[in-house]
Amino acid sequence: MSDTAKGDSSTPDHEESTRHYYESSDVDAFYDAVWGGEDIHVGVYADAQEAIADASHRTVEHAADQVSDLLGSDATVLDLGSGYGGSARALAERFGCRVVALDLSEAHNRRHRAANARRGLDGLIEVVTGSLNHLPYEAGRFDVVWSLEVLCHVADRDGALGEAVRVLRPGGALVFSDIMADEKAPAQALRPALSRLGVQSLATPSFYRQSLSRLGLPADFEDRTPDLATHYARLEEEMRRRTPELRGTISPAYLDDLLANLPLWTDITRRRLLRWGLFHARRTTTPSRP
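Numbering (the numbering used here), first residue to last: 1410 to 1699.
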């Protein structure tokens, strides 16, 4: 699989496609019913039958553990691709830190703000609509830059990483996870599964390590690929078990597409054509652009 940092379309078009996908009422209904509607991430599983929502929240807690020494009431986190806001709320509640949560979708952001207000967290979390490739912040502003399974949707991944490092203070940490291609995975084997998300290609672990190295942030990578296989097996199981119920909340066309597409993900994850895990890097030098 190519390590390309850029997709086949321009960044604005790619972002519009991503926004359109995630603002679909069908996608919201799927994430609410099957994923839990809070932490929309690949899960870290305690066992193969664990609830998806519980495993997904464990991913947030596990990522937070990697940077817990930097977090407290005086710290500020930038959450890139914040979605429904599960990570932002978890970090604010656990550490009392401030979180700036940036997402492409204003529809997601309205939902995020409403949930923050209900939980009494709107004073700690600022929700912003924007692009990972053009962060509206000065250099060195944030103690932690955080992102969970978002870069796979970004066309210019090198550029997004460069922006993330630019706004990170010296001594700060970048922590992110992503769904990636195995280094030897043929592109044609992945395309049928990726098509539902509008993703043209995936990065590989070596691409991220090399890109971060060029930016002056050698990174540790915790490979948790077995959890990815468990996760998609659980999604497929839940979809099939709950199909009669979901036909009342998800359109027939989208539901049928999910039922056809999820087995493709289950297959390629079991064949280890995809990789998943957590990157963690500390900024000790002035970043350079790739």
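Heads up, the beta-carbon is just placed ideally off N, CA and C, and yes, glycines get one too.
Cβ-Cβ distance between residue i and residue j below 8 Å
i, j, result
"G1490", "S1540", "no"
"E1558", "H1689", "no"
"T1468", "V1453", "yes"
"L1671", "L1664", "no"
"V1509", "L1500", "no"
"D1448", "A1462", "yes"
"Y1641", "W1674", "yes"
"D1435", "I1677", "no"
"N1518", "T1538", "yes"
8 Å CB neighbourhood of residue i in its chain, flanking five on each side removed
i, result
"A1569", "L1489, L1541, N1542, L1560, V1563"
"Q1475", "A1582, V1584, L1687, H1689"
"L1668", "M1648, R1649, T1652"
"R1692", "V1574, L1577, R1578, P1579, G1580, G1581, A1582, L1583, G1625, L1626"
"D1591", "M1410, T1613, R1681, L1682, L1683, R1684"
"F1504", "A1473, S1477, L1480, G1481, S1482, A1484"
As assigned by DSSP and simplified to three states, the class of residue i
i, result
"H1689", "strand"
"S1586", "strand"
"D1412", "Reliability of the predicted coordinates at D1412 is poor, the pLDDT of 38 falling under 50, and the value obtained from them is presented with this limitation in mind. If DSSP states are grouped into helix, strand and coil, D1412 belongs with coil."
"P1699", "Residue placement at P1699 is poorly supported in this model, since its pLDDT is 47, which falls under 50; the coordinates are not used for a value here."
"D1666", "helix"
"T1613", "coil"
"L1621", "helix"
"R1680", "coil"
"G1581", "strand"
"S1465", "helix"
"R1651", "coil"
"L1673", "helix"
"V1563", "coil"
"V1453", "coil"
"S1434", "helix"
Per DSSP, the bridge partner or partners of residue i
i, result
"V1486", "V1508, V1553"
"V1536", "A1510"
"F1630", "F1688"
Assumed close pair residue i, residue j - CB separation to whole angstroms, cut-off 8 Å
i, j, result
"L1544", "V1576", "6 Å"
"L1637", "L1683", "6 Å"
"R1498", "I1534", "7 Å"
"V1532", "C1506", "The question names Val, yet the displayed sequence has Gly at residue 1532. No, G1532 and C1506 are not in contact; Cβ-Cβ is about 12 Å, not under 8 Å."
"L1520", "Y1493", "Checking the sequence shown, residue 1520 turns out to be Arg, not Leu. Yes, they are in contact, since the Cβ atoms of R1520 and Y1493 sit about 6 Å apart, within 8 Å."
Contacting residues, own chain, Cβ-Cβ under 7 Å from residue i (five flanking each side not counted)
i, result
"F1630", "P1614, R1618, G1686, F1688"
"F1439", "I1659, L1667"
"F1551", "T1485, V1486, L1487, V1576, L1577, R1578, G1581"
"T1413", "For T1413, the pLDDT reaches just 37, beneath the cut-off of 50, and the residue's location in the model is therefore unreliable, although a value from the coordinates is still provided. Excluding sequence neighbours, T1413 sits near S1610."
Residues near residue i by beta carbon distance below 6 Å, same chain, minus five either side
i, result
"A1602", "L1673, W1674, I1677"
"L1644", "L1671"
"W1444", "I1461"
"G1495", "E1447, D1448"
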